[in-house]
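Participant:
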Amino acid sequence: ARAASDAYGKAVAGLRQMPYNDIMSPVSIAVLEPARIPDAPKSPKPLLNMILGVGFGLFLGCVSAIVAEYFSVPAKHPGEAMLPGLPQLPAAPAFADGLPRLSGVPLLARVPLTKERGIASQTGVGLPVTGESAATEDAFREIGYLLSHPMDGAASRVPVIVMAGTRSDETVASVAAYLTATLVRDGVRVTLVDGDRTEPRLHKVFGKQDAPGVTDILAGRVSASDALHTGANGNLRFLAAGAKSDTTPLVEESLRKLYDELGKPTDTDLVVIAGPSVWAARLVAPMERAADGVVLVASDAQVSPDESVARARRILSNGYQPRLLGVIVGEDEADTRLRTGFITEGKKQDEN
1 ARAASDAYGK AVAGLRQMPY NDIMSPVSIA VLEPARIPDA PKSPKPLLNM
51 ILGVGFGLFL GCVSAIVAEY FSVPAKHPGE AMLPGLPQLP AAPAFADGLP
101 RLSGVPLLAR VPLTKERGIA SQTGVGLPVT GESAATEDAF REIGYLLSHP
151 MDGAASRVPV IVMAGTRSDE TVASVAAYLT ATLVRDGVRV TLVDGDRTEP
201 RLHKVFGKQD APGVTDILAG RVSASDALHT GANGNLRFLA AGAKSDTTPL
251 VEESLRKLYD ELGKPTDTDL VVIAGPSVWA ARLVAPMERA ADGVVLVASD
301 AQVSPDESVA RARRILSNGY QPRLLGVIVG EDEADTRLRT GFITEGKKQD
351 EN
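Under this note's numbering, the letters of the sequence shown match residues 1 to 352, in that order.
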């Protein structure tokens with residue numbers, strides 16, 4: 001208070017010493033630069049503001065979704081919205097999981113091939129009857145399930161599978177015929193193709209000629225629709241191999257176009273090609289590259305399946321890497337018990 005009183009006294013004394021005119025006259029202000037009145041005011045940048053707003057909104061939305069998912073409570077009553085509690089099944093089964101292997105190739109099944117299960121000597125007897133052995137039917141159903149799933153989810157055609165044998169006999173044709181018969185009787189649409197131009201056999205099953213067939217289509221002499229034979233209310237389609245004397249070359253690009261036409265999803269669910277033995281590697285190689293892979297068909301007669309599969313891998317792998325989807329072992333009539341790949345790895349385990 002004393003300091004304030006002293007300051008006030010000094011101020012009053014100073015004013016008393018100034019002339020009266022200086023105290024009461026208007027204040028003199030020196031103008032350094034006149035202010036410019038704005039005539040075009042600029043607003044904030046609308047595009048930048050919009051981008052920042054959208055980005056910030058998306059960020060908040062993502063954070064909110066993550067938080068809501070983390071703190072969400074699953075349904076406790078059947079009437080409430082159900083949340084998946086178990087992992088979803090894959091679209092296609094994994095061939096390598098759970099299957100034993102022969103020389104590194106997944107074993108799909110072992111099937112009995114007795115004399116009665118060969119290709120019938122009579123012409124036109126039709127597909128074989130599979131109801132005599134439930135175990136055999138189940139094995140072929142299992143094989144068909146594995147093979148009928150697309151390898152590529154974005155594929156424009158159904159799976160096209162080439163079967164190649166380790167022996168130059170009718171084992172491949174027999175297995176392909178029984179597989180087709182089982183699947184067709186279950187309502188699966190199957191296109192069976194005789195791809196063994198060295199020794200056509202399947203046309204005899206249907207009482208048809210070996211031509212026109214695959215080679216005639218590749219040569220441009222006939223269309224695929226004209227060469228196909230249909231049956232079983234449209235569930236079965238058969239294409240012969242072509243005349244044995246036909247020398248039309250098997251070109252990969254031409255085969256791929258044919259397989260694309262045969263494998264339209266609107267017409268069939270699976271294309272099975274009964275090809276030649278692996279010893280005809282020059283015929284099997286373009287067929288495998290145009291298709292979706294090869295299933296080896298091995299016989300346990302005379303030579304062990306392991307040795308046959310290993311030799312087949314070496315032959316087919318000469319120059320490129322084939323897609324070996326699996327192996328089916330055909331057993332002779334000395335041991336007709338069926339062992340699928342999911343049950344046991346070989347005879348010793350089954351006998352024990």
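All C-beta atoms, glycine included, are put in the ideal place defined by N, C-alpha and C.
Predicted model, so just to flag it, every value in this text is computed and none were measured.
Are residue 172 and residue 326 touching if we call contact CB-CB under 9 Å?
Facilitator: no
Participant: Does any C-beta atom of chain B lie closer than 9 Å to the C-beta of residue 266?
Facilitator: Chain labels in this structure do not include chain B; a single protein chain is all it has.
Participant: Could you check whether the region 288-306 touches the region 208-217, counting it as contact only if at least three pairs of C-beta atoms, one from each stretch, sit closer than 8 Å?
Facilitator: no
Participant: Can you find at least 3 beta carbon pairs, one from the region 299-309 and one from the region 210-224, that sit closer than 8 Å?
Facilitator: no
Participant: Use the C-beta contact count for residue 292: other C-beta atoms within 10 angstroms, 16 or more gives buried, fewer gives exposed.
Facilitator: buried
Participant: Considering just the uninterrupted stretch of the alpha helix (DSSP H) at residue 140, what are its terminal residues?
Facilitator: 134-147
Participant: Please state if the CB of residue 232 and the CB of residue 240 are separated by a distance shorter than 9 Å.
Facilitator: Contact flag unset, no.
Participant: Here's the rule: buried if 16 or more other CB atoms are within 10 angstroms of the residue's CB, otherwise exposed. What is residue 195?
Facilitator: buried
Participant: Restricting to Cα atoms, I'd like to know which of 304, 202 and 162 is closest to residue 255.
Facilitator: Per the C-alpha coordinates, the member of 304, 202 and 162 positioned closest to residue 255 is 162.
Participant: Residues in the same chain with beta-carbon distance under 8 Å from residue 93, minus the five sequence neighbours each way, listed in chain order, please.
Facilitator: Interpretation of residue 93 is limited by its pLDDT of 44, a score under 50 that renders its predicted location unreliable; the figure taken from the coordinates is listed afterwards. For residue 93, where only same-chain residues beyond five positions count, the Cβ hits under 8 Å are 145, 146 and 149.
Participant: On the three-state DSSP scale, how would you describe residue 298?
Facilitator: strand
Participant: Are residue 295 and residue 107 touching if we call contact CB-CB under 9 Å?
Facilitator: No; because the gap between Cβ atoms is not below 9 Å, this pair is not in contact.
Participant: Residue range of the beta strand (DSSP E) that residue 256 falls in?
Facilitator: Taken as a continuous stretch (DSSP letters only), residue 256 belongs to no beta strand (DSSP E), being part of the alpha helix (DSSP H) at 252-262.
Participant: How big is the Cα-Cα spacing for residue 174 and residue 65?
Facilitator: 57 Å
Participant: What are the complete alpha helix (DSSP H) segments, minimum 4 residues, inside the region 181-258?
Facilitator: 202-205, 214-218 and 224-227
Participant: To which residues does DSSP link residue 106 through a beta bridge?
Facilitator: 101
Participant: With a threshold of 8 Å on Cβ separation, who are the neighbours of residue 306 within its own chain once the five nearest residues in sequence on each side are excluded?
Facilitator: 102 and 103
Participant: Report the rounded CA-to-CA distance for residue 245 versus residue 134, giving the unit in angstroms.
Facilitator: Those two C-alpha atoms are separated by around 40 Å.
Participant: Anyone know if the C-beta pair for residue 197 and residue 215 falls short of 9 Å?
Facilitator: yes
Participant: What residue range is occupied by the uninterrupted alpha helix (DSSP H) comprising residue 309?
Facilitator: 305-316
Participant: Relative to the alpha-carbon of residue 204, which residue among 269, 191, 238 and 225 has its alpha-carbon at the smallest distance?
Facilitator: 238
Participant: What's the C-alpha gap between residue 310 and residue 264?
Facilitator: Each residue's Cα considered, the two are about 34 Å apart.
Participant: Quickly, what does DSSP pair residue 270 with across the bridge? List them, please.
Facilitator: 190
Participant: If you draw a straight line from the alpha carbon of residue 13 to that of residue 1, how long is it in whole angstroms?
Facilitator: 18 Å
Participant: Per DSSP, residue 161 is paired with what?
Facilitator: 272
Participant: Excluding five sequence neighbours on each side, which residues of the same chain lie with their C-beta closer than 8 Å to the C-beta of residue 96?
Facilitator: For residue 96, the pLDDT reaches just 49, beneath the cut-off of 50, and the residue's location in the model is therefore unreliable, although a value from the coordinates is still provided. Correct list, in chain order: 106.
Participant: For residue 156, I'd like the list of residues in its chain whose CB is within less than 6 Å of its CB, leaving aside the five on either flank, ordered along the chain.
Facilitator: none
Participant: Along the chain, where does the alpha helix (DSSP H) that runs through residue 284 open and close?
Facilitator: 281-290
Participant: Measuring only the C-alpha atoms, how far is residue 184 from residue 236?
Facilitator: 6 Å
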